[in-house]
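Engineer: Chains as they are written, first to last, in the UniProt record's numbering: chain A, 1 to 294; chain B, 1 to 294.
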């Protein structure tokens, strides 16, 4: 029995007529798994691109929330498939198409599991524009390569445009949380989402490059003037899908380099690992606060 | 010392001026690794979306080519990172952005390693249109959601259009190889590449759906009339990048279902595993033939 509360998360009249729903890329199904029992308690969903990073985040948050059991034992709920991992926190691969598959199935999972009052966080890495490496950017607006706050989705050969507005309250509250943490320089700003890491982000070091250093810098400076603080590859579809499915959402990415100064990520591995923990600490602090553990 | 033979694979004047090139997502670099020694012998590169599938393909081809050493011991060359695996054969994640990062770094790797006469294969899975599940489709033209044989890349905020033509000789020779294999029904046809698995491929079972069953079928039938035999999510950028970088390339995907009959992949796991082996057998046969082992 699905109530109005849960139905808010999907926007598809066909789902009601399906006898079974197989979440193919998660290796889960409504007939093979008791989704309400497995996932009905979900209030916070954290997604990120890399499987290792999400595994260490799952262990970290397990410890932070003082949950029972051994943090090292966290079992991967999607272990039957190698495309995504899920510890009630899952990686989404790289790029808009990969995260969009995950979001469709995640949102259906929340629906089938009868979840309510869920908040979704994307924690990730990015290239910064005009910020010292290691700065955490909480996304105000997710914008496309033309600096527009929208996401274009092709449906049956027609282009549909969707808003990429994120939850302002969550962003402000996350910024507030950052002031309580040592070593977590944080700003709110616009995030540009591209479909390519090299040419699409104006890098000079791909297999292909048809522009000059001056043209690259001109583009990045224009982006900077449009309030863009960082560049990554998933935020527009993440914002658009969460918004249309009535999920409160936030994007929190650390910058690994300042793109006005270079293209290659040559910072030592241990420094990058420390940078990547910053969004995790911030989101963990937010979740703890909401669970009134602080 | 780079000769003209190797330089053909990249199309970027800036690479010559770089003191070091870090292939970030592969965890390899020109200063930290002897790339010519590690990879200079590469003649065939096989890429696919899923890490498990590529691992079993690496073991299979190791055995087929009667290479020395234990096939189970194949070490993952990119093991320092969890984004891609590489056994001189690597997975590329899902979607155009994910495979495009991999292709930039793969093509630079071939360049730095001084490789020549390389052929590249994408082996994958797809949704079929009007074909029995399990049919292998060798791509003639890779087309976009509007059935156009082109790939649009945004570079510094401007849209660049690239041809997605693949190597006709390789496609014909692969089709010829398929006739020598038992249980490997194979056709040549156009492949549609979309940026989304659900709405983008006209599926009725996503978290979002704004169209009717009739509208879905109308779109898929139009695609069928345009010579499209299957739908996947990487072929256009794969074809475009290989072509512009002078790499002979082929796309070989098995169909897991007939999209005119449904959206969900509900075929038993062991049947799907057998289907997924078909493109692997076909490419292994082709490679063996070229190495005159047959």
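C-beta atoms are modelled at their ideal positions from N, C-alpha and C, and glycine is treated no differently.
Since the structure is predicted, the reported quantities are computational estimates derived from the model, not experimental observations.
1. For residue 291 (chain B), does the count of other Cβ atoms within 10 angstroms reach 16, so buried, or fall short, so exposed?
2. For the stretch 260 to 273 of chain B, which residues have a beta carbon sitting closer than 8 Å to at least one beta carbon of chain A?
3. Just the C-alpha distance for residue 42 (chain B) and residue 273 (chain B), rounded to the nearest angstrom, thanks.
4. Could you give the distance in angstroms between the alpha-carbon of residue 288 (chain A) and the alpha-carbon of residue 65 (chain A)?
5. Does the beta-carbon of residue 17 (chain A) have 16 or more other beta-carbons within 10 angstroms, so that it is buried, or is it exposed?
6. Going along the stretch 154 to 180 of chain B in order, which residues come within less than 7 Å of chain A, judged by CB to CB distance?
7. Ordered along the chain, which non-local residues of its own chain (more than five positions away) have a Cβ less than 8 Å from that of residue 118 (chain A)?
8. Among the candidates A:278, A:286, A:203, whose CA atom is the shortest distance from the CA of residue 21 (chain B)?
9. For residue 240 (chain B) versus residue 147 (chain B), is the C-beta spacing smaller than 8 Å?
10. Kindly indicate which residue of A:190, A:185, A:265 has the alpha-carbon position closest to the one of residue 27 (chain B).
11. By the criterion of Cβ-Cβ separation under 7 Å, what are the contact partners of residue 219 (chain B) in chain A?
12. Assuming residue 197 (chain B) is part of the beta strand (DSSP E), what are its boundary residues?
13. From residue 215 (chain B) to residue 221 (chain B), what does the alpha carbon distance come to, in whole angstroms?
14. Determine the burial state of residue 105 (chain B): buried for a count of at least 16 other Cβ atoms within 10 Å of its Cβ, exposed for fewer.
15. Determine which residues share a DSSP beta bridge with residue 232 (chain B) and list them.
16. When DSSP labels each residue in this structure, what does residue 98 (chain B) get in the three-state scheme?
17. Taking the alpha helix (DSSP H) that residue 286 (chain B) falls in, what are its first and last residues?
18. Who are the near neighbours of residue 141 (chain A) in its chain, counting only those whose CB is closer than 6 Å to its CB and skipping five residues on each side?
19. Indicate whether residue 113 (chain B) and residue 182 (chain B) have their beta-carbon atoms separated by less than 8 Å.
20. Using a Cβ-Cβ distance cut-off of 8 Å, determine whether residue 276 (chain B) contacts chain A.
21. With DSSP collapsed to three states, give me the class of residue 17 (chain A).
22. Once the 5 residues before and after residue 130 (chain B) are set aside, which same chain residues still bring their CB inside 8 Å of it?
23. In the DSSP output, which residue or residues are listed as bridge partners for residue 123 (chain A)?
24. Using a C-beta cutoff of 8 Å, does residue 295 (chain B) count as contacting chain A?
25. Using the Cβ count rule (16 or more neighbours within 10 Å means buried), how would you classify residue 19 (chain A)?
26. Within the 8 Å Cβ cut-off, does residue 195 (chain B) reach chain A?
27. With contact counted as at least three CB pairs below 8 Å, one residue from each stretch, are the stretch 156 to 168 of chain B and the stretch 194 to 208 of chain B in contact?
28. Going by DSSP in three states, residue 221 (chain B) sits in which element: helix, strand or coil?
29. Name the chain A residues that come within less than 7 Å of residue 244 (chain B), Cβ to Cβ?
30. To the nearest angstrom, how far is it from the Cα of residue 244 (chain A) to the Cα of residue 11 (chain A)?
31. If you measure beta-carbon to beta-carbon, which residues of the stretch 107 to 134 of chain B are closer than 8 Å to chain A?
32. Going by C-alpha to C-alpha distance, which of B:250, B:242, B:254 sits closest to residue 108 (chain B)?
33. Provide the residue span of the alpha helix (DSSP H) that contains residue 261 (chain A), from first to last.
34. CA-CA distance, residue 279 (chain A) and residue 184 (chain B)?
35. Please determine, among A:235, A:255, A:173, the residue with the shortest C-alpha to C-alpha distance to residue 163 (chain A).
36. Check this for me: beta carbons of residue 132 (chain B) and residue 267 (chain B), under 8 Å apart or not?
Structural biologist: Let's see:
1. As a position in the second chain, residue 291 (chain B) is number 291, starting the count at 1. Residue burial is scored here from C-beta neighbours: residue 291 (chain B) has fewer than 16 other C-beta atoms within 10 angstroms and is therefore classed as exposed.
2. Along the stretch 260 to 273 of chain B, going in chain order, the ones with a CB nearer than 8 Å to a CB of chain A are 264, 265, 266.
3. Here the question's residue 42 (chain B) lines up with position 42 in the second chain. Here the question's residue 273 (chain B) lines up with position 273 in the second chain. Those two C-alpha atoms are separated by around 28 Å.
4. Here residue 288 (chain A) is taken as the residue at index 288 of the first chain, counted from 1. Here residue 65 (chain A) is taken as the residue at index 65 of the first chain, counted from 1. So the two alpha carbons sit approximately 7 Å from each other.
5. Locating residue 17 (chain A) in the first chain gives position 17, counting from the first residue. Exposed: under 16 other Cβ atoms inside 10 Å.
6. Cβ contacts with chain A come from 154, 155, 156, 157.
7. As a first step, residue 118 (chain A) is located in the first chain; it is residue number 118 there, counting from the start. For residue 118 (chain A), same chain residues with a beta-carbon under 8 Å away, outside a window of 5 residues either side, are 9, 42, 43, 44, 45, 110, 247, 248 in chain order.
8. Residue mapping note: residue 21 (chain B) aligns to position 21 of the second chain, counting from 1. From the listed residues A:278, A:286, A:203, the smallest Cα separation to residue 21 (chain B) is found for A:203.
9. Indexing the second chain from 1 puts residue 240 (chain B) at position 240. Indexing the second chain from 1 puts residue 147 (chain B) at position 147. Between residue 240 (chain B) and residue 147 (chain B), the CB-CB gap reaches or exceeds 8 Å.
10. Within the second chain, residue 27 (chain B) is the residue found at index 27, counting from 1. Comparing Cα-Cα distances from residue 27 (chain B) to each of A:190, A:185, A:265, the minimum goes to A:265.
11. Within the second chain, numbered from 1, the residue matching residue 219 (chain B) stands at position 219. Under the 7 Å cutoff, chain A gives 156, 157.
12. The residue given as residue 197 (chain B) occupies position 197 in the second chain. Element bounds for residue 197 (chain B): n/a, residue is neither H nor E.
13. Locating residue 215 (chain B) in the second chain gives position 215, where the first residue counts as 1. Locating residue 221 (chain B) in the second chain gives position 221, where the first residue counts as 1. One C-alpha to the other measures close to 10 Å.
14. Locating residue 105 (chain B) in the second chain gives position 105, where the first residue counts as 1. Residue 105 (chain B) comes out buried.
15. Here residue 232 (chain B) refers to the residue found at position 232 when the second chain is read from its first residue. Answer is B:193, bridged to residue 232 (chain B).
16. Within the second chain, residue 98 (chain B) is the residue found at index 98, counting from 1. In the structure shown, residue 98 (chain B) sits in a helix (DSSP, three-state: H, G or I).
17. Taking the second chain and counting its residues from 1, the one referred to as residue 286 (chain B) is at position 286. It spans 269 to 290 - the alpha helix (DSSP H) in which residue 286 (chain B) sits, taken as one unbroken run.
18. Along the first chain, one-based indexing puts residue 141 (chain A) at 141. If we look at residue 141 (chain A) and ignore the five residues flanking it on each side, its Cβ neighbours are 149, 190.
19. Counted from its first residue, the second chain places residue 113 (chain B) at position 113. Counted from its first residue, the second chain places residue 182 (chain B) at position 182. Cβ atoms of residue 113 (chain B) and residue 182 (chain B): not closer than 8 Å.
20. To locate residue 276 (chain B), count along the second chain from 1; it is residue 276. Residue 276 (chain B) does not count as touching chain A.
21. Reading the first chain from its first residue, position 17 is the one you call residue 17 (chain A). Helix at residue 17 (chain A).
22. Here residue 130 (chain B) refers to the residue found at position 130 when the second chain is read from its first residue. So the qualifying residues of the chain are 224, 229, 258, 260.
23. Counted from its first residue, the first chain places residue 123 (chain A) at position 123. A:252.
24. No information on residue 295 (chain B) is available, as it lies outside the stretch 1 to 294 that chain B covers here.
25. Locating residue 19 (chain A) in the first chain gives position 19, where the first residue counts as 1. Label assigned to residue 19 (chain A): exposed.
26. Start at 1 with the first residue of the second chain, and residue 195 (chain B) comes out as number 195. Yes, because at least one Cβ of chain A sits closer than 8 Å to the Cβ of residue 195 (chain B).
27. The stretch 156 to 168 of chain B is not in contact with the stretch 194 to 208 of chain B.
28. Along the second chain, read from residue 1 onward, the residue named residue 221 (chain B) stands at position 221. Of the three classes helix, strand and coil, the one that applies to residue 221 (chain B) here is helix, per DSSP.
29. By 1-based counting over the second chain, the position of residue 244 (chain B) is 244. Against chain A, a Cβ distance below 7 Å from residue 244 (chain B) picks out 208.
30. Within the first chain, the letter at position 244 stands for residue 244 (chain A). Within the first chain, the letter at position 11 stands for residue 11 (chain A). Roughly 8 Å separates the two Cα atoms.
31. Going along the stretch 107 to 134 of chain B in chain order, one finds 107, 108, 111 with a Cβ nearer than 8 Å to chain A.
32. For the purposes of this step, residue 108 (chain B) is taken as residue 108 along the second chain, with counting starting at 1. For residue 108 (chain B), the closest of B:250, B:242, B:254 by C-alpha to C-alpha distance is B:242.
33. Indexing the first chain from 1 puts residue 261 (chain A) at position 261. Counting along the chain, residue 261 (chain A) sits inside no alpha helix (DSSP H), nor does DSSP assign it H or E at all.
34. As a working mapping, residue 279 (chain A) is identified with position 279 in the first chain. As a working mapping, residue 184 (chain B) is identified with position 184 in the second chain. The straight-line gap separating the alpha-carbon atoms of residue 279 (chain A) and residue 184 (chain B) is approximately 48 Å.
35. For the purposes of this step, residue 163 (chain A) is taken as residue 163 along the first chain, with counting starting at 1. Minimum Cα distance to residue 163 (chain A) is reached at A:235.
36. Along the second chain, one-based indexing puts residue 132 (chain B) at 132. Along the second chain, one-based indexing puts residue 267 (chain B) at 267. Taking C-beta atoms as the reference points, residue 132 (chain B) and residue 267 (chain B) fail to come closer than 8 Å.
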